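Peer 1:
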Amino acid sequence: MPERAGELRAAIDAVRAACRVCRAVQERIGGDTLEKRDKSPVTVADFASQAIVCRSLALAFPADPIVAEETSEELRREGHAKLRDAVVEHVRAEIGTPASAELVLGWIDRGGADAKDGRYWTLDPIDGTKGFLRREQYAVALGLIEDGEVVLGVLGCPNLPNAGGSRGALFAALRAGPARSLPLWDARDAAGATVAVDGVRSAAQARLCESVESEHSNQTESARIASLLGIASEPLRIDSQCKYAAVARNDASIYLRLPTRADYREKIWDHAAGKLLVESAGGRVTDIDGRPLDFGRGGTLAGNRGILATSGRIHDEVLGAIRRVREG
Ligand code: AMP
Ligand code: MG
């Protein structure tokens, strides 16, 4: 049996369940509510997704700490009973048992570990909240970190289009193994298909992807870098770690994330699963200065600035262009 096969199976099951809950929340709410920018559906899905994943991990690996984005603090406040009830209802529907509200809140709070040594999980229950609101791309992202290294990553992408026209894909990666794509909504195909990055040798042939949100990545600067590299195609703008999936499965060759503020530190749950996916698919991931991402510093990538993920061969060429543009 391959190393961490049990962890991988548990992570895949947990992410699939969380994606079903996110989809259920999105389906239950009329387009109108989302368009009005009512944040409550996002919140319901965020909390329910985190409760589902943390419950699964608690059952399978009760000793493992989890560093996740949400806490139950807001749900425990008076006046938030409706939100709390909705979260509990969605969690119960998915797990098929009438768990108490206290139990559900306790699962969410299992994600509050402050770990940075040894082995721990990191979870973004909904990465790309703004994409979720627009009914575009978002991801449930789960990574396992051991001694500062990501060793397992699972990414559920409920709205990602597939070649056949369907939507939803799951990606799984182990440090030692190939990256795989599996059906998200159907657990019967346990093997899935291997995914691999492209082999472009010159950045001019590359397609670049970046955030939809200009506050999350400097799009003016990325346009200058693309121009310097001779990239003529328009950037592929998608929310969440679906950008890592795009590079891993060869929809794009570059994922560039350029700081918009000098003091912003990337969160580990925004990158752990995606980074391993791209590396396992044969690509390279560093920060924009070419440094390896350091996951051993707690909840943030405190030793890094921005992100560059590529299909590999063009990585140094892109780093050179970033340096030239940023140094003016
Ligand atoms: P994306 O969908 O790639 O734009 O990324 C969504 C993530 O951006 C969220 O999960 C946030 O953690 C993160 N984020 C929030 N503010 C910033 C910022 N100023 N710079 C970079 N990332 C941010
Ligand atoms: Mg996120």
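Numbering-wise (my numbering), the sequence shown opens with residue 185 and increments by one.
Glycine is no exception: its CB is placed at the ideal position from the N, C-alpha and C atoms.
As the structure is a prediction and not an experimental result, all values here were calculated from the model.
Among the candidates Leu485, Gly512 and Gly474, whose CA atom is the shortest distance from the CA of Gly162?
Peer 2: One cannot answer for residue 162 here, as it falls past the ends of the chain, which runs 185 to 512.
Peer 1: Under the three-state reduction of DSSP, which class applies to Tyr439: helix, strand or coil?
Peer 2: strand
Peer 1: Based on Cα-Cα distance, which residue from Ser437, Ala505, Asp222 and Glu273 lies nearest to Ile409?
Peer 2: Checked all of Ser437, Ala505, Asp222 and Glu273; the closest Cα to Ile409 is Ala505.
Peer 1: How far does the alpha helix (DSSP H) with Pro225 in it extend, from its first residue to its last?
Peer 2: Ser224 to Ala244
Peer 1: In angstroms with no decimal places, state the Cα-to-Cα distance between Arg433 and Lys300.
Peer 2: 30 Å
Peer 1: Please tell me whether, using a cut-off of 6 Å, the distance from the CB of Asp423 to the nearest non-hydrogen atom of ligand 2 is below it.
Peer 2: no
Peer 1: Would you call the stretch 410–418 and the stretch 450–466 touching, i.e. three or more CB-CB distances under 8 Å?
Peer 2: no
Peer 1: Quick one: using the 10 Å Cβ neighbour count with 16 as the cut-off for buried, is Thr404 buried or exposed?
Peer 2: exposed
Peer 1: Quick one: is the Cβ of Asp308 within less than 6 Å of any heavy atom of ligand 2?
Peer 2: At least one heavy atom of ligand 2 is nearer than 6 Å to the Cβ of Asp308, so yes.
Peer 1: Can you tell me which of the three DSSP states Trp369 falls into?
Peer 2: coil
Peer 1: Cβ of Pro249 within 7 Å of Cβ of Tyr322?
Peer 2: no
Peer 1: Report yes if the C-beta distance between Leu328 and Glu191 is below 7 Å; otherwise report no.
Peer 2: yes
Peer 1: What does the Cβ neighbour count give for Gly263, buried or exposed, with the cut at 16 atoms within 10 Å?
Peer 2: It is exposed - the Cβ of Gly263 has fewer than 16 other Cβ atoms within 10 Å.
Peer 1: Across which residues does DSSP place Pro345 in a beta bridge pair?
Peer 2: Arg351
Peer 1: Quick one, which of Ser406, Ala465 and Gly490 has its alpha-carbon nearest Asp447's?
Peer 2: Considering only alpha carbons, the answer is Gly490.
Peer 1: Could you say if the stretch 265–281 and the stretch 327–343 meet the contact criterion of at least three C-beta pairs nearer than 8 Å?
Peer 2: Contact between the stretch 265–281 and the stretch 327–343 is absent, with fewer than three C-beta pairs closer than 8 Å.
Peer 1: Taking the CB atoms as reference points, tell me whether Ser549 and Arg468 lie closer together than 7 Å.
Peer 2: Not covered by the structure: residue 549. The range shown for the chain is 185 to 512.
Peer 1: If I measure Cβ to Cβ from Val379 and keep anything under 6 Å in the same chain, skipping five residues before and after, which residues do I get?
Peer 2: If we look at Val379 and ignore the five residues flanking it on each side, its Cβ neighbours are Ala363, Ser365, Ala432, Arg433 and Ala465.
Peer 1: For Leu413, report the span of its beta strand (DSSP E) as first-last.
Peer 2: According to the DSSP assignment, Leu413 belongs to no beta strand (DSSP E) but to the alpha helix (DSSP H) extending over Gln403 to Leu413.
Peer 1: At a cut-off of 6 Å, is Asp230 close to ligand 2 when judged by its beta-carbon and the heavy atoms of the ligand?
Peer 2: no
Peer 1: Please list the terminal residues of the continuous beta strand (DSSP E) segment that includes Ile250.
Peer 2: Ile250 to Ala252
Peer 1: Could you pull out every residue in the same chain whose Cβ sits closer than 7 Å to the Cβ of Leu289, ignoring the five residues on either side in sequence?
Peer 2: Closer than 7 Å at the Cβ level, and outside the excluded window around Leu289, lie Ser256, Leu259 and Arg260.
Peer 1: Is it the case that the stretch 235–244 contacts the stretch 187–204, given that we only count it when at least three CB pairs across the two stretches are under 8 Å?
Peer 2: They touch, by the three-pair rule.
Peer 1: For Glu187, which residues in the same chain have their Cβ closer than 8 Å to its Cβ, ignoring the five residues on either side in sequence?
Peer 2: Take Glu187, set aside five residues on each side of it, and the residues of its chain with a beta-carbon closer than 8 Å to its own are Leu358 and Ala360, in chain order.
Peer 1: For Ser424, does the count of other Cβ atoms within 10 angstroms reach 16, so buried, or fall short, so exposed?
Peer 2: Under this definition Ser424 is a buried residue.
Peer 1: Give the straight-line distance between the Cα atoms of Glu595 and Lys266, rounded to the nearest whole angstrom.
Peer 2: The structure shown has nothing for residue 595, since the chain only spans 185 to 512.
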